[in-house]
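J.: Numbering (the UniProt record's numbering), first residue to last: 1 to 382. Dropping the structure in here first, questions after.
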Ligand SMILES: Cc1cc2nc3c(=O)[nH]c(=O)nc-3n(C[C@H](O)[C@H](O)[C@H](O)COP(=O)(O)OP(=O)(O)OC[C@H]3O[C@@H](n4cnc5c(N)ncnc54)[C@H](O)[C@@H]3O)c2cc1C
């Protein structure tokens with residue numbers, strides 16, 4: 001894989017892609033040329049960096065707006081806002097994540113117990129279904145830990161409606177293999193394709209659309225194009241997101257870095273006296289994803305130690321955080337599902353998240369319409 005898990009690499013990619021964030025992006029973003037592990041020309045591939053906050057949404061939005069202005073950058077800005085929309089939506093409906101985990105575990109147990117399901121599931125994840133595009137995307141995902149957005153949509157739709165496999169198994173396959181695997185964007189995008197996010201509206205992968213946007217590389221046969229949205233009985237309750245009060249430690253404190261947010265800035269009045277880096281021990285994800293995550297944490301820890309001129313402690317097990325004697329532990333808010341929960345740590349919410357997430361109570365429109373005013377009031381770009 002070409003992606004280095006460093007902030008320097010994220011900034012280099014931002015520089016390289018920023019000339020294309022304007023009208024060109026809007027015109028070309030839907031085409032999937034099949035990157036085969038190389039940088040795509042028409043999309044940024046910044047998502048693995050955004051996922052870990054080696055770079056943040058504000059920096060990316062500022063660059064797009066600065067280079068192209070609000071009209072030409074409108075599509076790119078909107079896509080970046082989708083990320084915050086999904087995150088805010090999941091933070092305010094945590095039951096959806098809990099239900100996903102429970103259904104995933106039940107589906108994995110069913111694979112163990114049911115020979116027919118096991119055969120179909122393995123054929124799908126090993127790229128042996130006989131559907132040309134689907135098999136190629138399964139291979140691309142496992143070999144390069146990446147898929148273009150359009151390929152993700154087509155893949156999920158074929159998984160659910162043509163292969164009739166449980167959507168939670170497909171979401172799990174993505175989350176284990178994608179370098180940008182994000183609990184909110186992934187779970188809610190799969191639910192959107194299935195017709196569970198926007199109720200009654202599912203996404204159909206169509207052979208002619210696939211042929212067109214892949215430049216004729218694929219010509220799939222036998223896709224189910226008349227799709228019946230999935231349904232579920234219960235609607236998850238909305239728990240409105242209110243940022244907790246900012247921690248104000250009186251004495252020494254340590255900045256805890258976790259894989260859910262590796263930006264090294266903080267919003268406290270005094271600098272930290274130590275850095276504590278929580279090194280991920282993710283056993284479920286593919287080796288390349290685990291290596292990217294560990295590298296990203298190491299990069300942030302090294303930069304933070306140098307920037308604050310303080311010692312860095314590395315910890316592998318969140319349960320042992322209490323053993324570190326470095327004052328109070330303070331961390332950026334832990335996004336649900338993107339890092340272990342840290343009940344013993346004080347957290348602060350970044351201004352961008354505090355501005356965008358509470359808007360995500362229903363559809364995307366409220367975020368798109370409300371985010372600019374909210375963020376300008378905070379002095380953020382948009
Ligand atoms: C089934 C499915 C699963 C997905 N799983 C993930 C996931 O685990 N992690 C993830 O980050 N994205 C996920 N996405 C959203 C989207 O596919 C990726 O964010 C995008 O392809 C990343 O590529 P890029 O950085 O080149 O995006 P660009 O087109 O360059 O867009 C810039 C940034 O905007 C954000 N963005 C763009 N499109 C979307 C979108 N549709 N939804 C949310 N944010 C978006 C990303 O942060 C991205 O880096 C999924 C989409 C689908 C349909």
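Every residue gets a Cβ at the ideal spot worked out from N, C-alpha and C, and that includes glycine. As the structure is a computational prediction, the values presented were derived from the model and not from experiment.
Is it buried or exposed for residue 146, if we count other Cβ within 10 angstroms and need 16 for buried?
T.: When all chains shown are included, residue 146 counts as buried.
J.: Which of helix, strand or coil does DSSP assign to residue 107?
T.: Residue 107: helix per DSSP, three-state reduction.
J.: For a test of your reading of the model: does the CB of residue 465 fall under 7 Å from any non-hydrogen atom of ligand 1? Yes or no.
T.: Shown here, the chain extends from 1 to 382; a query on residue 465 therefore has no answer.
J.: Can you tell me whether residue 79 sits near ligand 1, meaning its C-beta is under 7 Å from at least one heavy atom of the ligand?
T.: Yes, since a heavy atom of ligand 1 falls inside the 7 Å radius drawn around the Cβ of residue 79.
J.: Just to confirm, does residue 39 get its C-beta within under 7 Å of one of the non-hydrogen atoms of ligand 1?
T.: Answer for residue 39: no, Cβ out of range of ligand 1.
J.: Just verifying my parser: in three-state terms, what is the DSSP assignment at residue 128?
T.: Reduced to three states, the DSSP call for residue 128 is coil.
J.: So residue 134 and residue 160 are supposed to be a Cβ contact under 8 Å. How far apart are they, rounded?
T.: With 8 Å as the limit, residue 134 and residue 160 do not qualify as a contact, their Cβ atoms being about 12 Å apart.
J.: Using 8 Å for Cβ pairs, my map puts residue 224 next to residue 162. What's the rounded Cβ distance?
T.: Rounded, the Cβ-Cβ distance is 5 Å, consistent with contact.
J.: Helix, strand or coil, according to DSSP, for residue 177 in the structure here?
T.: In this structure, residue 177 counts as helix in the three-state DSSP scheme.
J.: Quick check on the burial criterion: 16 or more other C-beta atoms within 10 angstroms. Buried or exposed for residue 270?
T.: Classification of residue 270: exposed, given that the 10 Å Cβ count is below 16.
J.: Which ranges does the beta strand (DSSP E) cover as unbroken runs of at least 3 residues, wholly within the stretch 270 to 315, from first to last along the chain?
T.: Whole beta strand (DSSP E) segments, 3+ residues: 274 to 278, 312 to 315.
J.: For residue 65, which residues in the same chain have their Cβ closer than 8 Å to its Cβ, ignoring the five residues on either side in sequence?
T.: Excluding sequence neighbours, residue 65 sits near 73, 77, 381, 382.
J.: Please indicate yes or no: does the CB of residue 97 lie closer than 7 Å to some heavy atom of ligand 1?
T.: Outside the cutoff, so no.
J.: Give the straight-line distance between the Cα atoms of residue 248 and residue 47, rounded to the nearest whole angstrom.
T.: Cα-Cα distance, rounded: 32 Å.
J.: Mind checking residue 228: buried by the 16 CB within 10 Å criterion, or exposed?
T.: Per the 10 Å Cβ criterion, exposed.
J.: Please check the pair residue 254 and residue 326, which I expect to be a contact at CB under 8 Å, by giving their CB distance rounded to whole angstroms.
T.: Sure, about 4 Å apart at Cβ, within 8 Å.
J.: Between the stretch 32 to 40 and the stretch 209 to 222, can you find at least three pairs of beta-carbon atoms closer than 8 Å?
T.: Verdict: yes, contact present.
J.: Any idea what DSSP makes of residue 330, helix, strand or coil?
T.: Residue 330 falls in the strand class under three-state DSSP.
J.: Does the beta-carbon of residue 167, which I'm using as the reference point, lie nearer than 7 Å to any heavy atom of ligand 1?
T.: Incorrect: residue 167 has no Cβ contact closer than 7 Å to ligand 1.
J.: Kindly examine ligand 1 and report whether one of its heavy atoms sits closer than 7 Å to the Cβ of residue 189.
T.: For ligand 1, at least one heavy atom lies less than 7 Å from the Cβ of residue 189.
J.: Evaluate contact between the stretch 277 to 284 and the stretch 233 to 247, counting only Cβ atoms and requiring at least three cross-stretch pairs below 8 Å.
T.: Short answer: they don't touch.
J.: Using 8 Å as the Cβ pair cut-off and three pairs as the minimum, do the stretch 107 to 120 and the stretch 162 to 174 touch?
T.: Result yes; three or more Cβ-Cβ pairs closer than 8 Å.
J.: Put residue 254 into one of helix, strand or coil per three-state DSSP.
T.: Note: residue 254 maps to strand in three-state DSSP.
J.: Our contact map puts residue 195 next to residue 230 with C-beta atoms below 8 Å; I'd like the distance itself, whole angstroms only.
T.: Yes, they are in contact, since the Cβ atoms of residue 195 and residue 230 sit about 5 Å apart, within 8 Å.
J.: Could you check where the beta strand (DSSP E) with residue 317 kicks off and where it finishes?
T.: Segment: none, residue 317 is in no beta strand (DSSP E) and carries neither H nor E.
J.: Let me make sure I understand the geometry here. Which of 95, 12, 362, 258 has the alpha-carbon closest to that of residue 237?
T.: Ranking the options by Cα distance to residue 237, first place goes to 95.
J.: Go ahead and pull the three-state DSSP assignment for residue 214.
T.: Residue state, collapsed to three classes: coil.
J.: Which same chain residues, not among the five before or five after residue 251, have their C-beta less than 7 Å away from its C-beta?
T.: So the qualifying residues of the chain are 327.
J.: With H, G and I counted as helix, E and B as strand and the rest as coil, what does DSSP make of residue 347?
T.: Three-state DSSP puts residue 347 in a strand.
J.: From the DSSP output, in three-state form, read off residue 32 for me.
T.: Note: residue 32 maps to coil in three-state DSSP.
J.: Rounded to the nearest angstrom, what separates residue 211 and residue 27 at their Cα positions?
T.: Near 17 Å, if we compare the C-alpha coordinates of residue 27 and residue 211.
J.: Identify the continuous alpha helix (DSSP H) that holds residue 58 and give its terminal residues.
T.: Segment 57 to 72, the alpha helix (DSSP H) holding residue 58.
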